[in-house]
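Residue numbers (the UniProt record's numbering): 1 to 109. Built from N, CA and C at the ideal position, the CB exists for glycine as well. Keep in mind it's a predicted model, so treat the numbers as computed, not measured. Some notes on the structure that comes next.
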């Protein structure tokens, strides 16, 4: 479902933050990984490694946090893993964003 936002300064700041978060290639790769549905942090990490992004887990958490703050992804729960800390589960919150060039309205879906 398409959700339109009026083009006031606060919405434009949110839209700008969303666009800034897409500049980073690892973040676009995270979005592609999550396009298939809910994934755990470890699954995302492994898929990024397979795609050639070798980064510390702390860097992955940084990118996940930036995408979450921009409203592109959301944490949907935890998965218990053999006695260790629970793994966060992530999904896409928004698949598409855009701007009506005539009215300046922003949409997310």
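- Restricted to the region 25-58, the alpha helix (DSSP H) segments that are unbroken, complete and at least 4 residues in length are 25-34, 41-50, listed in chain order.
- In the assembly as shown, residue 72 is a buried residue. Its beta-carbon has 16 or more other beta-carbons within 10 Å.
- Boundaries of the beta strand (DSSP E) around residue 88: 87-92.
- Note that the region 52-59 does not touch the region 86-95; fewer than 3 beta-carbon pairs, one per stretch, sit closer than 8 Å.
- DSSP, read as helix, strand or coil, puts residue 108 in strand.
- Going by beta carbons, residue 67 and residue 21 fall inside the 7 Å limit.
- C-alpha of residue 83 to C-alpha of residue 75: approximately 21 Å in a straight line.
- In the structure shown, residue 79 falls within a strand segment according to DSSP collapsed to helix, strand and coil.
- Residue pairing by DSSP places residue 98 opposite 107 in a beta bridge.
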